[in-house]
Each structure stands twice: as structure tokens, then as C-alpha cells.
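Trainee: Taken in order, the sequence shown gives residues 1 to 289; the numbers are from UniProt numbering.
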Amino acid sequence: MRATRNMSSKRKMDHLERTAGNNRQNALYPAEVRGIINESETVKRLRIAVPPDFSFKAGQWVDLFIPGVEKVGGFSMCSGPGLLQREGIVELAIKYAKHPPAHWVHTMPLFSPPPPPPQCTVGSQVAMRVGGDFFFDPSPSDPSVDLLLVAGGVGINPLYSILLHTSDLLRRNQASGGRDFNIGSAHLCYSANNTQELLFKSSIIAACQEFPDELSCDLHVTQQITDVDSHLQPFINRGRITEEELRSHVDLQRTLCFLCGPPPMIETLSKTLLDFGLPKDRILFEKWW
Numbered sequence: 001m002r003a004t005r006n007m008s009s010k011r012k013m014d015h016l017e018r019t020a021g022n023n024r025q026n027a028l029y030p031a032e033v034r035g036i037i038n039e040s041e042t043v044k045r046l047r048i049a050v051p052p053d054f055s056f057k058a059g060q061w062v063d064l065f066i067p068g069v070e071k072v073g074g075f076s077m078c079s080g081p082g083l084l085q086r087e088g089i090v091e092l093a094i095k096y097a098k099h100p101p102a103h104w105v106h107t108m109p110l111f112s113p114p115p116p117p118p119q120c121t122v123g124s125q126v127a128m129r130v131g132g133d134f135f136f137d138p139s140p141s142d143p144s145v146d147l148l149l150v151a152g153g154v155g156i157n158p159l160y161s162i163l164l165h166t167s168d169l170l171r172r173n174q175a176s177g178g179r180d181f182n183i184g185s186a187h188l189c190y191s192a193n194n195t196q197e198l199l200f201k202s203s204i205i206a207a208c209q210e211f212p213d214e215l216s217c218d219l220h221v222t223q224q225i226t227d228v229d230s231h232l233q234p235f236i237n238r239g240r241i242t243e244e245e246l247r248s249h250v251d252l253q254r255t256l257c258f259l260c261g262p263p264p265m266i267e268t269l270s271k272t273l274l275d276f277g278l279p280k281d282r283i284l285f286e287k288w289w
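#1: If I follow the unbroken beta strand (DSSP E) through S203, where does it start and stop?
#2: Which residues in the same chain have their Cβ closer than 7 Å to the Cβ of N6, if we skip the five residues on either side of it in sequence?
#3: Would Q125 be called buried (16 or more neighbouring beta carbons within 10 Å of its own) or exposed?
#4: Compute the distance between the beta-carbons of L252 and S270, then report whether it is under 9 Å.
#5: Excluding the 5 residues flanking G80 on each side, which residues of the same chain have their C-beta closer than 7 Å to its C-beta?
#6: If you reduce the DSSP assignment to three classes, tell me which class L278 lands in.
#7: Between P52 and F75, what straight-line distance do the alpha-carbon atoms span, to the nearest angstrom?
#8: I'd like the span of the beta strand (DSSP E) that includes L252, first residue to last.
#9: Check R234 in the structure and name its three-state DSSP category.
#10: Can you tell me whether DSSP reads R18 as helix, strand or coil?
#11: Within the same chain, show all residues whose beta-carbon is closer than 8 Å to that of L274, passing over the 5 residues directly before and after it, in chain order.
#12: Tell me where the beta strand (DSSP E) around I37 begins and ends.
#13: Terminal residues of the continuous alpha helix (DSSP H) containing R172?
#14: Could you please give the first and the last residue of the uninterrupted alpha helix (DSSP H) stretch that includes H99?
#15: Step through the CB atoms of chain B and report whether any lies within less than 9 Å of the CB of S185.
#16: Less than 8 Å between the CB atoms is what I'm expecting for M128 and V62, so what's the real figure, rounded?
#17: Could you give the first and the last residue of the continuous beta strand (DSSP E) run that contains R45?
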């Protein structure tokens with residue numbers, strides 16, 4: 001489950017190179033864009049319909065194949081397996097970048113020869129293949145664990161998927177009287193430049209309010225200039241995620257930690273967790289570039 005990467009300062013590796021050592025499914029599925037939502041000024045969330053036999057685990061990513069775009073995209077699912085089961089939909093939140101797959105999602109084409117691929121629109125046809133060794137997929141017989149989810153920037157995507165999956169499992173337990181899964185608690189530490197860039201913040205807060213005994217969050221802003229909206233203030237901390245905050249949510253016997261964000265952040269925080277005494281096999285991380 002632990003994803004590691006070697007960094008290169010000379011050349012930015014593309015997605016397929018970076019993830020060559022990761023497990024991935026063999027099947028390549030046709031898919032169709034069914035919705036495009038502006039999640040923030042720089043992030044668009046795609047709702048993508050997939051065939052009935054498509055499956056993934058919370059935290060995994062897809063290889064995204066776009067007709068007319070040579071490069072293959074790599075994007076973590078930001079939805080949970082529950083949405084797939086209910087609606088046949090998966091969601092990807094993609095930040096603006098010049099990398100061709102992200103550029104296709106965000107930018108109107110320039111009409112100059114040779115003709116570029118059309119911009120991503122509702123109805124666009126793509127293909128996807130699931131991969132990744134960074135996921136949370138408990139079985140009913142697994143012992144209970146407490147999750148510590150630590151995200152930076154758009155590294156929230158796979159962790160939001162895990163949080164949504166945990167919420168779905170808690171609802172299943174409510175319906176069954178607690179007989180389905182051994183679910184502990186989950187705490188999310190999430191840092192972004194400002195509240196506008198804290199993706200999914202309203203849904204995260206709503207989940208914590210629905211399950212106040214099991215789910216909690218600390219949302220951090222590091223470059224906020226304006227005042228924080230009053231409804232967000234109870235959940236917002238100014239400044240980076242601190243060692244003290246992490247320590248308060250680490251139980252050396254029960255905590256399973258998932259980290260995703262910029263490599264320097266993940267390297268620093270994973271070392272901090274090791275220094276606390278948390279076993280290496282309980283610190284799982286995914287770095288994005």
C-alpha cells in the first residue's frame with residue numbers, strides 16, 4: 001500500500017514513467033464526461049460515467065487517455081466507491097496546468113494548424129485504467145484502526161475519497177447495528193494557501209458534523225489575506241500543520257496514516273511521524289508533482 005517515488009530535478013517524468021512500478025488493472029475502460037464543475041478558480045471537477053464492471057479502491061488513481069492528446073494523464077479519484085455503486089460515476093478534480101491532459105480539461109483550444117483536440121466538454125469520450133498502491137479498503141474481518149489523513153493542496157483528492165468511503169462504511173454500520181465493519185475514527189489535517197483553495201471543505205465539514213464521534217478535521221490556510229467566513233472559522237487554523245497537532249492524533253497501536261501532497265511536505269511529516277514511534281508500515285504516502 002505504500003507508494004514511493006524517486007525525484008528527478010533535471011526532467012519532469014510523465015505519469016506512466018513515474019508509476020511504472022505501481023500495480024494497475026489490465027482493463028482499459030471507455031468513459032464519458034457527464035459533468036464539469038468549477039471546484040475553485042484553478043480546479044475543475046469532472047463527473048465521468050464508467051461501465052458497470054469498473055471498480056476501484058478509495059485512494060487509487062486512473063490513467064486518463066484522451067483522444068488527440070499524446071500524453072496520458074494521471075489523476076486520483078476524489079469520489080468514493082459508494083458513488084460508483086450508486087450512480088456509475090467517478091469524479092476527478094484536476095488543477096490547471098500546462099501538462100496536456102490537465103490543459104485539455106481547462107483551456108479552450110487555439111484554432112491554428114495542426115488542429116488541437118477539442119476542449120473537454122460534457123459528452124467528451126475518454127478511456128481510463130485504474131492503478132495505485134495507496135488505498136483504504138478494509139474487510140469486515142479487519143481489526144479497527146484510527147485513520148490520520150494529512151493532505152496538502154490538491155493532494156486532498158485521494159484522502160477525500162478515503163474520507164467519503166469511511167463515511168459510507170459508517171452509514172452501513174448504522175443500518176446494520178454495527179455488524180458490518182470495525183470502523184474506528186478518522187481525522188483529516190488539510191493545508192492549502194487559502195480557503196478558496198480548500199477543496200471540498202463544505203462536504204468535509206458536513207461529514208464531520210454527521211459523525212462527530214468518528215470524524216474530525218483541522219483545515220489550515222498558510223497565505224490567507226482576507227477574513228475567514230464565519231461559518232468556516234471554527235474549522236480553520238492559520239499556518240502550517242504542526243507537530244503538536246499530529247501528535248495529538250497518533251496512537252502508536254491504532255493509527256494508520258495516509259499522507260498526500262507536495263514531496264517536501266510529505267518527507268518532513270513522514271519523518272515526524274517516524275520520530276513519534278509510529279511504525280513505518282503504518283505511514284503510507286503518495287507524492288504528487
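Ideal placement from N, C-alpha and C gives every residue a C-beta, glycine not left out.
Mentor: Straight from the coordinates:
#1: As a working note, residue 203 is residue 203 in the sequence shown. Segment 201–210 is the alpha helix (DSSP H) holding S203; no beta strand (DSSP E) there.
#2: Locating residue 6 in the sequence shown gives position 6, where the first residue counts as 1. Any reading at N6 must be qualified, since the residue scores a pLDDT of 41, below 50, and its modelled position is unreliable; no value is offered.
#3: Locating residue 125 in the sequence shown gives position 125, counting from the first residue. So Q125 ends up on the exposed side.
#4: If you number the sequence shown from 1, residue 252 lands on position 252. If you number the sequence shown from 1, residue 270 lands on position 270. No; because the gap between Cβ atoms is not below 9 Å, this pair is not in contact.
#5: In the sequence shown, residue 80 corresponds to position 80, counting from 1. Hits under 7 Å: A58, S161, L164, H165, D168.
#6: Here residue 278 corresponds to residue number 278 of the sequence shown, with the count starting at 1. In the structure shown, L278 sits in coil (DSSP, three-state: anything other than H, G, I, E or B).
#7: Mapped onto the sequence shown, residue 52 falls at position 52. Mapped onto the sequence shown, residue 75 falls at position 75. Roughly 21 Å separates the two Cα atoms.
#8: What you label residue 252 is simply residue 252 of the sequence shown in a count that begins at 1. Where L252 is concerned, there is no enclosing beta strand (DSSP E), given that its DSSP letter is neither H nor E.
#9: Taking the first residue of the sequence shown as 1, we reach residue 234 at position 234. According to the sequence provided, residue 234 is Pro. The question's Arg does not apply to it. Helix.
#10: On the sequence shown, residue 18 is found 18 positions in, with the first residue counted as 1. It is helical.
#11: The sequence position of residue 274 within the sequence shown is 274, counting from 1. The answer, listed in chain order, is K280, I283.
#12: For the purposes of this step, residue 37 is taken as residue 37 along the sequence shown, with counting starting at 1. Note, I37: beta strand (DSSP E), 29–38.
#13: As a first step, residue 172 must be located in the sequence shown, where it is residue number 172. Unbroken alpha helix (DSSP H) run through R172: 156–176.
#14: Along the sequence shown, one-based indexing puts residue 99 at 99. Careful: H99 lies outside any alpha helix (DSSP H) and carries neither H nor E.
#15: No chain B appears in the structure shown, which is made up of a single protein chain.
#16: Residue 128 sits at position 128 when you count from the first residue of the sequence shown. Residue 62 sits at position 62 when you count from the first residue of the sequence shown. Confirmed, about 4 Å.
#17: By one-based count along the sequence shown, residue 45 stands at place 45. Looking at the DSSP string, the run of the beta strand (DSSP E) that includes R45 is 43–49.
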